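Here the structure is laid out as structure tokens; the discussion comes afterwards.
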Amino acid sequence: GKESRTAYHNSQCNSIPLDSFPLPHLKYIMAANSFPPLLPKVDAILVLDGEGNRLAGKYYGDFMKTPTPEHNAAAGPDASSADNATKTQSVEQLRASFERQLQSKIGGIAARPDAAEVVTVMGKTAVFCGGSAASPGGGGGGGSAADVRVVHIGPSGESELLLAHLSEGMYEALSQLMGGATDRNMILDNLELVFLLIDEHCDGGIILETEGHKLASSVLLRDEQESRLGEMEGQGGGGQQGQPVVSGGLGMGMGGMGGDMTIGQALMQARNQIISNLSQS
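Note that the sequence shown covers residues 353 to 633 in the working numbering.
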């Protein structure tokens with residue numbers, strides 16, 4: 353019976369070839385042995401202008417939520433005498449301090465889109481693409497026309513090559529979404545797309561996608577879905593026949609979806625299901 357087969361597999365799993373296991377057992381073993389190492393993690397993803405100001409970005413986990421020894425050491429000799437003030441620093445103050453130190457390392461450095469640069473900041477590995485070289489007048493390339501930098505912050509032990517691949521992929525996607533103009537003004541005018549890009553690229557510090565063209569396509573699809581959902585909600589009809597629809601195709605498609613689900617919701621649900629299936633296989 354089922355119980356005897358389970359006991360057999362548990363006692364003989366070291367001597368039986370993997371192809372002898374039932375499919376559910378095989379999927380579990382393969383996932384347990386190979387899935388976690390394939391999930392690179394980052395502590396933060398930042399999009400900075402030429403002066404180091406954060407235009408967009410996200411911090412993950414506990415990074416920069418509380419003062420670290422590296423943070424206190426970087427604050428200088430006055431940090432010990434102002435210990436109480438350090439403890440009361442807000443999260444945003446900690447992050448702003450970290451970003452200032454980051455800018456002091458990368459300011460004036462222009463990294464090619466296909467050749468990310470690496471620096472170490474407060475015990476973390478920072479890899480970035482983009483940026484403009486310092487101008488002769490010492491402006492540091494901080495004007496509105498200066499190229500922004502896409503920065504990935506990872507643990508000190510994380511592979512620099514891996515972080516470089518992540519940064520290059522996201523920068524490629526950003527460039528495609530911005531039509532090749534990755535300056536400060538263009539980013540500020542399209543912040544919604546930039547945050548969508550970060551979400552498609554990384555979730556909770558776990559990297560989801562690295563290929564630039566795939567990231568750009570996913571962002572555009574998601575943006576279209578959310579725009580349609582917003583337009584549908586703006587109609588305020590709640591499914592009433594007297595309310596206009598966004599397009600004839602969308603209105604016809606809703607009839608076959610079942611329930612109150614729109615096409616945009618169905619596409620999003622299908623995408624989430626695919627991701628869930630991949631994570632389990």
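Note that the Cβ used here is the ideal one computed from N, Cα and C, for glycine as well. As the structure is a computational prediction, the values presented were derived from the model and not from experiment.
{"Query": "Measuring only the C-alpha atoms, how far is Ala-468 from Leu-540?", "Result": "23 angstroms"}
{"Query": "Looking at the structure shown, is Lys-410 part of a helix, part of a strand, or coil, going by DSSP?", "Result": "strand"}
{"Query": "Tell me the DSSP bridge mates of His-504?", "Result": "Ile-397, Val-479"}
{"Query": "Leaving out five residues on either side along the sequence, give the residues of the same chain with a beta carbon under 7 angstroms from the beta carbon of Ser-511.", "Result": "none"}
{"Query": "Use the C-beta contact count for Asp-466: other C-beta atoms within 10 angstroms, 16 or more gives buried, fewer gives exposed.", "Result": "exposed"}
{"Query": "Are the Cβ atoms of Val-470 and Ala-516 separated by less than 8 angstroms?", "Result": "yes"}
{"Query": "Beta strand (DSSP E) containing Glu-469: first to last residue?", "Result": "469 to 473"}
{"Query": "According to DSSP, is Ala-463 helix, strand or coil?", "Result": "strand"}
{"Query": "Strictly by DSSP, which residues pair up with Asp-575?", "Result": "The partner list for Asp-575 (beta bridge, DSSP) is empty, contrary to what the question assumes."}
{"Query": "Quick check on the DSSP output: the alpha helix (DSSP H) that includes Leu-518 runs from which residue to which?", "Result": "512 to 529"}
{"Query": "Tell me whether Gln-455 is buried or exposed, calling it buried when 16 or more other Cβ atoms sit within 10 Å of its Cβ.", "Result": "buried"}
{"Query": "Which value, in whole angstroms, describes the spacing of the CA atoms of Met-645 and Gly-556?", "Result": "This structure leaves residue 645 out entirely; the chain is present only between 353 and 633."}
{"Query": "Given a cut-off of 8 angstroms on the beta-carbon distance, is the pair Ala-463 and Phe-480 in contact?", "Result": "yes"}
{"Query": "Counting C-beta neighbours from all protein chains within 10 Å, is the total for Leu-526 16 or more, i.e. buried, or is it exposed?", "Result": "buried"}
{"Query": "Between the C-alpha atoms of Arg-536 and Gly-483, what's the straight-line distance to the nearest angstrom?", "Result": "11 angstroms"}
{"Query": "Does the distance from the C-beta atom of Leu-545 to that of Val-571 stay below 8 angstroms?", "Result": "yes"}
{"Query": "On the DSSP letters alone, give me the boundaries of the alpha helix (DSSP H) that Thr-453 sits inside.", "Result": "The displayed chain sequence assigns Gln, not Thr, to residue 453. Unbroken alpha helix (DSSP H) run through Gln-453: 443 to 458."}
{"Query": "Between the Cα of Met-474 and those of Met-416, Glu-585, Leu-573, spot the shortest distance and give me the residue it belongs to.", "Result": "Met-416"}
{"Query": "What first and last residue would you give for the alpha helix (DSSP H) that runs through Phe-415?", "Result": "Per DSSP, Phe-415 belongs to no alpha helix (DSSP H) and is neither H nor E."}
{"Query": "Keeping to the same chain, check which residues put their C-beta closer than 8 angstroms to that of Asp-575; ignore five residues upstream and five downstream.", "Result": "Glu-544, Leu-545, Leu-548"}
{"Query": "Nearest to Ala-408 by CA position, among Gly-564, Ala-448, Ser-442, is which residue?", "Result": "Ala-448"}
{"Query": "Go through its chain and collect everything with a Cβ distance to Gly-564's Cβ below 7 angstroms, but skip five positions before and after it.", "Result": "Gly-521, Glu-524, Ala-525, Gln-528"}
{"Query": "Residues in its own chain within less than 8 angstroms of Ala-485 by CB, not counting five upstream and five downstream?", "Result": "Gly-460, Ile-461, Ala-462, Gly-493"}
{"Query": "Check the DSSP bridge columns for Asp-535 and list the partner residues they point to.", "Result": "Asp-499"}
{"Query": "Just to confirm, are Glu-578 and Leu-567 a CB contact at a threshold of 8 angstroms?", "Result": "no"}
{"Query": "Which stretch, first to last residue, makes up the alpha helix (DSSP H) that contains Leu-545?", "Result": "543 to 553"}
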